[in-house]
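Q: Residue numbers (the numbering used here), protein chains in the order written: chain A, 74 to 220; chain B, 74 to 220.
2 protein chains.
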Amino acid sequence: MTEPTVPPAPAPTPTRLMDELARAAAAYYRQFAAMAAESGLTLMQGKTLSLLREPRSMRSLAELLACDASNITGIVDRLESRGLVRREVDPADRRIKNVLLTEEGEQAVHRIRARVMSGLSGLERLSEEERSSLLALLGRVFPEGAL
Amino acid sequence: MTEPTVPPAPAPTPTRLMDELARAAAAYYRQFAAMAAESGLTLMQGKTLSLLREPRSMRSLAELLACDASNITGIVDRLESRGLVRREVDPADRRIKNVLLTEEGEQAVHRIRARVMSGLSGLERLSEEERSSLLALLGRVFPEGAL
DNA sequence: TATTGTTATACTCTATAACTATA
DNA sequence: TATAGTTATAGAGTATAACAATA
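(1) Ignoring anything shorter than 4 residues or poking outside the segment 98-146 of chain A, list the alpha helix (DSSP H) runs there in chain order.
(2) Quick one: give me the first and last residue of the beta strand (DSSP E) that B:R198 is part of.
(3) Use the C-beta contact count for A:S123: other C-beta atoms within 10 angstroms, 16 or more gives buried, fewer gives exposed.
(4) Rounded to the nearest angstrom, how far is the Cβ of B:G195 from that of B:Q104, given a contact under 8 angstroms?
(5) Going along chain A in order, which residues have a C-beta closer than 8 angstroms to the C-beta of B:L210?
(6) Look at the alpha carbon of B:S154 and the alpha carbon of B:R160, and state the distance between them as a whole number of angstroms.
(7) Would you kindly work out how many angstroms separate the C-alpha atoms of A:E136 and A:I148, rounded to a whole number?
(8) Quick one: what does DSSP say A:R159 is sitting in, helix, strand or coil?
(9) Compute the distance between the beta-carbons of A:V158 and A:L134, then report whether it is under 7 angstroms.
(10) Mind checking B:V162: buried by the 16 CB within 10 Å criterion, or exposed?
(11) Excluding sequence positions up to five away, which residues of its chain have a Cβ less than 8 angstroms from the Cβ of B:R221?
(12) Does B:G218 pass the burial test, meaning 16 or more other C-beta atoms within 10 Å, or should it be called exposed?
(13) Report yes if the C-beta distance between B:A165 and B:S112 is below 7 angstroms; otherwise report no.
(14) CB A:E179 to CB B:L211, shorter than 7 angstroms?
(15) Counting only beta-carbon separations shorter than 7 angstroms, does A:M91 have a partner in chain B?
(16) Do A:E197 and B:P216 have their C-beta atoms closer together than 7 angstroms?
(17) What does the Cβ neighbour count give for B:A95, buried or exposed, with the cut at 16 atoms within 10 Å?
(18) Nearest chain A C-beta to B:G195 closer than 7 angstroms, yes or no?
(19) Ordered along the chain, which non-local residues of its own chain (more than five positions away) have a Cβ less than 6 angstroms from that of A:I145?
(20) To the nearest angstrom, how far is the alpha carbon of B:S205 from that of A:A139?
(21) Checking contacts by CB at 7 angstroms: is B:M131 closer than that to chain A?
(22) Measure how close the beta-carbons of B:P85 and A:L208 come, nearest whole angstrom, since I'm counting them as under 8 angstroms.
(23) Straight-line CA distance for B:G101 to B:L199?
(24) Quick one: residues in its chain with C-beta nearer than 8 angstroms to the C-beta of A:D141, no 5 flanking neighbours on either side, listed in chain order?
(25) Smallest Cα separation from A:R222: which of A:E202, A:A107 and A:R151?
(26) Checking contacts by CB at 7 angstroms: is B:P81 closer than that to chain A?
(27) Taking a cut of 9 angstroms between CB atoms, which residues from the segment 143-167 of chain B lie near chain A?
(28) Which same chain residues, not among the five before or five after A:R168, have their C-beta less than 7 angstroms away from its C-beta?
The following block contains the structure:
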């Protein structure tokens, strides 16, 4: 048996890789937004629900969503009017309102996550080693914060 | 010298990796939007300019930006009123309008791309082999379309 | 005084539907 | 008829500034 004739495939330039990251980021959000839409939710509403594994203040949501605090009022208003979250005044500091998922909100999160996961079928086809590599590389390129 | 005591680092689950992809995608767009904002442009305006390495019809832009064609009118209007793009009727099919970057528009694209690149300093610290791996893995997870 | 959340405002992005001009 | 682009509309996200309640 001869060696397989795989061309050397020259390493991509950092710029080429930046373009691939743009493509991947767009593809991820396209998928996430489509799956949120199946539950009648917008991208921001879906992202907000996803952040509420634990109760969070309005302020904290604004930081995690990287937008001004004034926007969170409207987003949470719409989620609350659909019964997916509720607000509770923080007993320790009555200026703070903590946002919690309702039972229905938790179901919506699980539904969206499951749909996104099944849409990313490529993810499940990676070996353990490949998953470890991808996690490590993404961690190197995007070291901190963000949602 | 003893073996380095690096813990085995168990492979992440596909779900854990999905969360990391969400984090990376958010970080990418946060960076891109911030760099576009430094030129007074919104995320969509920046993305639109980035797609115009070659002239494209309004229809084609709508597909690449994954939004309804009616939105492109406004986005291109605003870019055109700032002198960054211009419309030209396609000589072969007069229904079609091709959008082209102006000289100023090209400069804006280069500026944004350079800023994003310098913000992604982690990218330039990857070895050639790591860049090849990341490109290949992203290609496996997100096989086709999108911006 | 400083912080949290809200409101008011104006602008951008978004999908839908109806329209025009071309083909 | 069908397609490319536009307009009109309504809803959602966005930053800014001003405000009330609380600390």
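Every residue gets a Cβ at the ideal spot worked out from N, C-alpha and C, and that includes glycine.
A: Walking through what the data contain:
(1) 116-123 and 131-137
(2) Looking at the DSSP string, B:R198 is not in any beta strand (DSSP E), and its letter there is neither H nor E.
(3) buried
(4) The Cβ separation is near 11 angstroms, so there is no contact.
(5) L199, E203, S206, L207 and L210
(6) 11 angstroms
(7) 14 angstroms
(8) strand
(9) no
(10) exposed
(11) Nothing about residue 221 of chain B can be reported from this structure: the residues present for chain B run from 74 to 220 only.
(12) Per-residue confidence for B:G218 stands at a pLDDT of 49, beneath the threshold of 50, marking its modelled position as unreliable; the derived number appears in the next sentence. Exposed: under 16 other Cβ atoms inside 10 Å.
(13) no
(14) no
(15) yes
(16) no
(17) buried
(18) yes
(19) M131, L134 and A135
(20) 31 angstroms
(21) no
(22) 5 angstroms
(23) Here residue 101 of chain B turns out to be Tyr, not Gly, going by the sequence shown. Cα to Cα, the separation comes out at about 17 angstroms.
(24) A135
(25) With chain A covering only 74 through 220, there is no way to say anything about residue 222 of chain A.
(26) no
(27) none
(28) none
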